[in-house]
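Residue numbers 26 to 404, in the numbering used here, belong to the letters of the sequence shown in order.
In what follows, a single structure is set out as structure tokens and then discussed.
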Amino acid sequence: MRHVSHAPDPILQAEIGRYIVAWYRAGHRDLPWRRTTDPYRIWLSEAMCQQTRVETAIPYYERFLALFPTVADLAAADLDSVLAAWAGLGYYSRARNLHAAASEVVRRHAGVFPDTVEALMALPGIGRYTAGAVASIAFGRPAPIVDGNVRRVLCRLFALEGDPSRPPLDGILWEVAAALVPTDAPGDFNQGLMELGARTCAPRSPACGACPVAARCGALRLGRVAEIPSARARPPAREVERVGLAVRDASGALLMARRAPRGLLGGLWELPGGDLEAGEAPPEAAARLAEGSLALAGGALEARGRVEHRFTHLRMVLWVLEAPAARGVAPSPFGGYDALAFLGPPARGAVALSALALRSLHLLGEPDGHERARRTGPP
Ligand code: SF4
């Protein structure tokens, strides 16, 4: 790995800052969170736009604010309703952290958002990037931000080589971003940098002809735009196989289980089930869970098929088996679940279901199931 550059000289810094701010002010996208300096709304937009496209996030952002218009409303809500409002955005740890951080803002800061990077980073789920975004956009503090888009822009602009998500280049990029952010317009500069990465300096075929800093771009000058930043080697996805049991009560409502708040898919509802043990076939695992964990009376389990979902580093395969109708069963939570309940379609509409749960419901012919389930990512 070769590091060709580091923080730019002060004249170049000021020039790049001016160009990006002017470009942003002349024609940025009119996004709902760009019409406000309310830290709660800016924080929410940053949380939603991580791992999610802006166009997808907008309706969620508006619905979420209609349900929880202030940080105090979010803190007072129960986690199930917050996760239900988030359902479909994926990466549910973001919603759990929003809820936990809102409670902290109310409890420790009397409902008033802290305005420094350090105090923001002390809140659950707020890292250096989000803290920098809120501090600069809502409070006008000259705090840097570095996300995937900004990494790409800065690597190209200063012809920085290496893996931008790992040390030492990751640290160098934070230094460069801190040197560039102007004290008189930090929010517009940071938003301009993000916008530049999202719209102009695209991963493939960047629109260099429309770029406000093309005249200063090292990668363009060297003819190396296509090679910078270096591609990241991804480890192969691990595969996990599970079974899910379809158990109905006399009314036909399905038994659903809620995962405990922490960990993969925490707080989401699904068919009760568990991972296959080493050497176990799906029917054996289903019988083990039916008779052991769920204490169902013996009876043939009917295989209904399989569904799967790919997470970033994991492919989960779920075998769905239907058990005979439950009579007088009052199962208690087991194996990573903190609640079990028979839920029909209307009740399921009020809770957050994982993508695999929605696909399982489709497989079972339930009216609220989706074959192409809403996207669900890691916790
Ligand atoms: S000139 Fe091209 S490669 Fe360089 S920062 Fe602008 S869009 Fe990116």
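Even for Gly, the Cβ is constructed at its ideal location relative to N, Cα and C.
Discussion item. Between Leu368, Leu365, Leu343, which has its C-alpha nearest leucine 388's C-alpha?
Written reply: Position 363 of the sequence shown, counted from the first residue, corresponds to residue 388. The residue with the shortest Cα to Cα distance from leucine 388 is Leu343.
Practice prompt. Use the C-beta contact count for leucine 339: other C-beta atoms within 10 angstroms, 16 or more gives buried, fewer gives exposed.
Written response: Indexing the sequence shown from 1 puts residue 339 at position 314. Exposed.
Discussion item. Classify alanine 39: buried if its beta carbon has 16 or more other beta carbons within 10 angstroms, exposed otherwise.
Written reply: Here residue 39 corresponds to residue number 14 of the sequence shown, with the count starting at 1. Classification of alanine 39: exposed, given that the 10 Å Cβ count is below 16.
Worksheet item: My guess is that aspartate 188 and alanine 160 are in contact by the Cβ rule of under 8 Å, so how many angstroms apart are they, rounded?
Response: For the purposes of this step, residue 188 is taken as the residue at position 163 of the sequence shown. For the purposes of this step, residue 160 is taken as the residue at position 135 of the sequence shown. About 27 Å separates the two Cβ atoms, so there is no contact after all.
Item to complete: Would you mind stating whether serine 128 and alanine 100 have Cβ atoms separated by less than 7 Å?
Response: Along the sequence shown, read from residue 1 onward, the residue named residue 128 stands at position 103. Along the sequence shown, read from residue 1 onward, the residue named residue 100 stands at position 75. A contact, by the Cβ cut-off of 7 Å.
Worksheet entry | methionine 281 versus leucine 296 - alpha carbon distance | Along the sequence shown, read from residue 1 onward, the residue named residue 281 stands at position 256. Along the sequence shown, read from residue 1 onward, the residue named residue 296 stands at position 271. For methionine 281 and leucine 296, the distance between alpha carbons rounds to 5 Å.
Worksheet item: For tyrosine 44, which residues of its own chain have a beta-carbon under 6 Å away from its beta-carbon, when the five flanking residues on both sides are left out?
Response: What you label residue 44 is simply residue 19 of the sequence shown in a count that begins at 1. Closer than 6 Å at Cβ, skipping near neighbours: Pro237, Val238.
Fill in: Which residues DSSP lists as bridging methionine 219, in chain order
Locating residue 219 in the sequence shown gives position 194, counting from the first residue. Methionine 219 pairs with nothing; no bridge assigned.
Fill in: Outcome for valine 201 when other beta-carbon atoms lying within 10 angstroms are tallied against a minimum of 16
Counting from 1 along the sequence shown, the entry for residue 201 is found at position 176. That one is buried.
Worksheet item: Is alanine 232 helix, strand or coil when you go by DSSP?
Response: Residue numbering aside, residue 232 sits at position 207 when the sequence shown is read from its first letter. Coil.
Practice prompt. State yes or no: is the C-beta of alanine 125 within less than 7 Å of the C-beta of leucine 108?
Written response: Walking along the sequence shown from the start, residue 125 turns up at place 100. Walking along the sequence shown from the start, residue 108 turns up at place 83. Result no, Cβ atoms of alanine 125 and leucine 108 do not sit closer than 7 Å.
Worksheet item: Going straight from the alpha carbon of methionine 146 to that of serine 255, what length do you get?
Response: Here residue 146 refers to the residue found at position 121 when the sequence shown is read from its first residue. Here residue 255 refers to the residue found at position 230 when the sequence shown is read from its first residue. Using only the alpha carbons, I get a separation of about 29 Å.
Fill in: alanine 239 beta carbon near the ligand SF4 (any heavy atom closer than 6 Å)
Taking the first residue of the sequence shown as 1, we reach residue 239 at position 214. Closer than 6 Å to some heavy atom of the ligand SF4: that describes the Cβ of alanine 239.
Worksheet item: Which one of Glu186, Asp209, Thr155 has the shortest CA to CA distance from arginine 257?
Response: Within the sequence shown, residue 257 is the residue found at index 232, counting from 1. Comparing Cα-Cα distances from arginine 257 to each of Glu186, Asp209, Thr155, the minimum goes to Glu186.
Worksheet item: Where does the unbroken alpha helix (DSSP H) through tyrosine 49 begin, and where does it stop?
Response: Within the sequence shown, numbered from 1, the residue matching residue 49 stands at position 24. Boundaries of the alpha helix (DSSP H) harbouring tyrosine 49: 35–52, taken from the DSSP string.
Worksheet item: alanine 364 lies in the beta strand (DSSP E); which residues open and close that run?
Response: Stepping through the sequence shown from its first residue, residue 364 is reached at position 339. Looking at the DSSP string, the run of the beta strand (DSSP E) that includes alanine 364 is 362–368.
Discussion item. Does the contact criterion of 3 or more C-beta pairs under 8 Å hold for the segment 266–286 versus the segment 367–379?
Written reply: yes
Fill in: Beta-carbon gap between phenylalanine 89 and alanine 102 smaller than 7 Å
Numbered from its first residue, the sequence shown carries residue 89 at position 64. Numbered from its first residue, the sequence shown carries residue 102 at position 77. It is not a contact, given that the beta carbons lie outside the stated cut-off.
Fill in: Boundaries of the beta strand (DSSP E) in which arginine 224 is found, first to last residue
Numbered from 1 along the sequence shown, position 199 holds the residue referred to as residue 224. Run containing arginine 224: none; DSSP gives neither H nor E here.
Practice prompt. Return the first residue and the last residue of the beta strand (DSSP E) that alanine 271 is part of.
Written response: As a working mapping, residue 271 is identified with position 246 in the sequence shown. 263–271 is the span of the beta strand (DSSP E), which, as asked, contains alanine 271.
Discussion item. Taking the straight line between their C-alpha atoms, what separation do you get for proline 260 and serine 190?
Written reply: Position 235 of the sequence shown, counting from 1, holds the residue named residue 260. Position 165 of the sequence shown, counting from 1, holds the residue named residue 190. Cα-Cα distance, rounded: 15 Å.
Item to complete: Can you say whether isoleucine 41 is buried or exposed, counting buried as having 16 or more other CB atoms within 10 angstroms of its CB?
Response: Along the sequence shown, read from residue 1 onward, the residue named residue 41 stands at position 16. Isoleucine 41 is buried by the Cβ-count criterion.
Worksheet item: With 16 other CB atoms within 10 Å as the buried threshold, where does leucine 112 fall?
Response: Residue numbering aside, residue 112 sits at position 87 when the sequence shown is read from its first letter. A quick correction: the sequence has alanine, not leucine, at residue 112. Under this definition alanine 112 is a buried residue.
Worksheet item: Quick one, which of Leu381, Val46, Glu391 has its alpha-carbon nearest aspartate 209's?
Response: Position 184 of the sequence shown, counted from the first residue, corresponds to residue 209. Checked all of Leu381, Val46, Glu391; the closest Cα to aspartate 209 is Val46.
Worksheet item: With which residues is glutamate 295 paired in a DSSP beta bridge?
Response: Taking the sequence shown and counting its residues from 1, one reaches residue 295 at position 270. DSSP output for glutamate 295 lists Ala282 as bridge partner(s).
Discussion item. Looking at leucine 205: is its Cβ nearer than 7 Å to the Cβ of arginine 176?
Written reply: On the sequence shown, position 180 is the one that residue 205 refers to. On the sequence shown, position 151 is the one that residue 176 refers to. No, the pair does not count as a contact, with Cβ atoms beyond the cut-off.
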